[in-house]
DNA sequence: TAGATTGTTAATCGATTAACAATC
DNA sequence: TAGATTGTTAATCGATTAACAATC
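Chains as they are written, first to last, in full-length UniProt numbering: chain A, 1 to 204; chain B, 1 to 204.
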């Protein structure tokens, strides 16, 4: 039922942060005020956001950390693992493999490259595969996410190919604005854009 | 003067996207409608955003791409190079070095690590330095940004140390919520949070 | 000229904050 | 009980959209 309620985008963004706060908490209960102070936001807003959840707080006590975390984990679906492929066998691919995404319920199952000469090389524990076998690998592992790490000039074409072959969501590190069919999920991780934010803030 | 006008956060975020659109444009003029279609937003919003800039469009013609880009480059300050250090000599550091941030006016000038045993090793063309010489390096290169790539358990302490020694902005890849002195700039690049967004969208 | 497009003001929509009764 | 904290409604604030005159 909770899923049927519309969750405002701004609330959704904050729910991710609350989850992070809860992870860092050792106490069994936490108040909206504590959460708000930590994130430097208004405690009213925290309570309002939680009103979209099933979870109820206790007056004078606060929210049950464990219960709240469970509901958020459920909302984000971190308890069922989603399989991810990495496309582009380079330093960025290596970096992604070195990070631990198990807390988000994401597991890397294969690494691909568009260049034939890289096929067979190892990136971490993964032998690089060629895109010819993409569809087979997607089906075999039920891979839904692709981290797109290819060069800018290959970004658009590769992304389309991934969606055609069954990938549901592209985690786009290329910095290129992707134009994909209706329904395809794209989440941009544009590092250059972040640097622009920093540069702008530095000027003040 | 334009700097003195308050720029809404939402407008700022879109200005970065407009810049990206302009980069991909070959024509000398572009209309608010073309930009809006590309980004799947309302053209009225594009014009409203541009009203915060000095740049004026021409009825029946659109906006001068070159002129607009110049103003945005100015706003973000990409024409004067800002020096950046990377802290944490690992795969992520290597990945950042492999990317080209010159378009954002950012240049890496040194790589550091908290572990003495990594000092002297090479990450790309950079010999890894120890944090003892941080202050000297910051002064010598006038480094203002630090990309924080250390492990979670060292994140908070290292970030504070960086700010103490003169770093103005922390580009935080650790996923840890940093608590830093008033005035310190933090921009979070939390990959796990992005995956939560993807996982949530996949459930629909 | 007619028509396309800008720039701006007014109307709407959504998100945040204030206020306060309910509760433990 | 008194006081702290929740949950919710109303008020405010800010951002988006609609409307339209100005312009080339």
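Ideal Cβ positions, reconstructed from N, Cα and C, are used throughout, including at glycine. Keep in mind the model is a prediction, meaning the values are calculated, not measured.
Contacts around residue 89 of chain B, its chain only, beta-carbon distance under 6 Å, and the 5 residues preceding and following it disregarded: Apart from sequence neighbours up to five positions away, the residues of its chain that approach residue 89 of chain B with a beta-carbon distance below 6 Å are 111, 113, 118, 123, 128, ordered along the chain.
Exposure label - residue 20 of chain A; buried when at least 16 CB within 10 Å: Counting of Cβ neighbours within 10 angstroms places residue 20 of chain A among the buried residues, the total reaching 16 or more.
Beta bridge counterpart(s) of residue 172 of chain A as assigned by DSSP: Its beta-bridge partners are A:148, A:188.
Enclosing beta strand (DSSP E) for residue 110 of chain A [first to last residue]: Unbroken beta strand (DSSP E) run through residue 110 of chain A: 106-113.
Residue 6 of chain A: contacting residues in chain B (beta-carbon distance under 7 Å): Below the 7 Å Cβ cutoff, chain B contributes no neighbours of residue 6 of chain A, its closest Cβ being approximately 12 Å away.
First and last residue of the uninterrupted beta strand (DSSP E) at residue 85 of chain B: It spans 82-87 - the beta strand (DSSP E) in which residue 85 of chain B sits, taken as one unbroken run.
Beta-carbon proximity list for residue 83 of chain B, same chain, < 7 Å, skipping 5 on both sides: Excluding residues up to 5 positions away in sequence, 107, 109, 141, 142, 143, 144 lie with their Cβ nearer than 7 Å to the Cβ of residue 83 of chain B in the same chain.
Supposed contact pair residue 201 of chain B and residue 104 of chain A - C-beta distance, whole angstroms, cut 8 Å: About 13 Å; that fails the 8 Å criterion.
For residue 57 of chain B, the nearest candidate out of B:76, B:33, B:154 (CA to CA): Selection B:76, B:33, B:154 evaluated against residue 57 of chain B yields B:33 as nearest (Cα-Cα).
Near-chain A residues of the stretch 31-63 of chain B - C-beta to any C-beta below 8 Å: Cβ proximity to chain A below 8 Å picks out 38, 39 from the stretch 31-63 of chain B.
Exposure of residue 176 of chain A, with buried meaning 16 or more beta-carbon neighbours within 10 Å: Burial of residue 176 of chain A is indicated by the presence of at least 16 other C-beta atoms within 10 angstroms of its C-beta.
8 Å contact criterion, which residue 68 of chain B and residue 149 of chain B should meet: CB distance rounded: About 35 Å separates the beta carbons of residue 68 of chain B and residue 149 of chain B, which is beyond the 8 Å limit, so they are not a contact pair.
Test: residue 106 of chain B CB closer than 7 Å to a CB of chain A: At least one chain A Cβ lies under 7 Å of residue 106 of chain B.
Closer than 7 Å to chain B by CB, residue 193 of chain A: Yes - at least one Cβ of chain B is within 7 Å of the one on residue 193 of chain A.
Cross-chain neighbours of residue 185 of chain B in chain A, by beta carbon under 8 Å: 198, 201, 202, listed in chain order.
Positions along the UniProt domain "CoA-binding" (77-177) of chain B whose CB lies within less than 7 Å of some CB in chain A: Of all residues in the UniProt domain "CoA-binding" (77-177) of chain B, only 77, 78, 82, 90, 91, 92, 94, 95, 98, 99, 101, 103, 104, 105, 106, 144, 145, 168, 169, 171, 177 place a beta-carbon less than 7 Å from a beta-carbon of chain A.
CB contact check: residue 189 of chain A to chain B, cutoff 7 Å: Using beta-carbon distances, residue 189 of chain A counts as an interface residue toward chain B, with a partner under 7 Å.
beta-carbon residue 20 of chain B near the ligand HEM non-hydrogen atom, thresh 6 Å: No copy of the ligand HEM occurs in the structure displayed, which carries no ligand at all.
Pairwise C-alpha distance: residue 50 of chain B and residue 8 of chain B: Those two C-alpha atoms are separated by around 12 Å.
Short Cβ contact (7 Å threshold) for residue 22 of chain A with residue 65 of chain A: Annotated as proximal: residue 22 of chain A and residue 65 of chain A, with beta-carbon spacing under 7 Å.
Residue 165 of chain A in three-state terms, based on DSSP: Residue 165 of chain A carries a coil assignment under DSSP once its states are collapsed to helix, strand and coil.
Buried or exposed (CB count within 10 angstroms, at least 16 for buried), residue 46 of chain B: So residue 46 of chain B counts as buried.
Own chain, CB closer than 8 Å to residue 28 of chain B, minus 5 neighbours either side, in chain order: If you ignore the 5 residues before and after residue 28 of chain B, its C-beta comes within less than 8 Å of the C-beta of 64, 65, 66, all in its own chain and listed in chain order.
Under the three-state DSSP convention, the category residue 138 of chain A falls into: The answer is helix: DSSP assigns residue 138 of chain A an H, G or I state.
For residue 18 of chain A, three-class secondary structure by DSSP: Correct three-state label for residue 18 of chain A: helix.
With 16 other Cβ atoms within 10 Å as the buried cut-off, status of residue 87 of chain A: The residue in question, residue 87 of chain A, is buried, as its Cβ has 16 or more Cβ neighbours within 10 Å.
Nearest to residue 168 of chain B (by Cα), restricted to the options A:172, A:160, A:167, A:198: Closest option to residue 168 of chain B, Cα to Cα, is A:198.
Proximal residues to residue 156 of chain B (C-beta, below 8 Å), its chain only, five neighbours per side dropped: Taken in chain order, the residues that qualify are 176, 178, 179.
Per-residue DSSP class, three states only, for residue 64 of chain A: The DSSP-derived three-state label of residue 64 of chain A is strand.
The alpha helix (DSSP H) enclosing residue 36 of chain B, as first and last residue numbers: Looking at the DSSP string, the run of the alpha helix (DSSP H) that includes residue 36 of chain B is 32-39.
Interface flag, residue 27 of chain B vs chain A, CB-CB below 7 Å: Not closer than 7 Å to any Cβ of chain A, the Cβ of residue 27 of chain B fails to qualify, so no.
Spatially closest choice to residue 172 of chain B from B:151, B:60, B:165, by CA coordinates: Looking at the Cα atoms, B:151 is the closest of the given residues.
Per-residue DSSP class, three states only, for residue 24 of chain A: DSSP, read as helix, strand or coil, puts residue 24 of chain A in coil.
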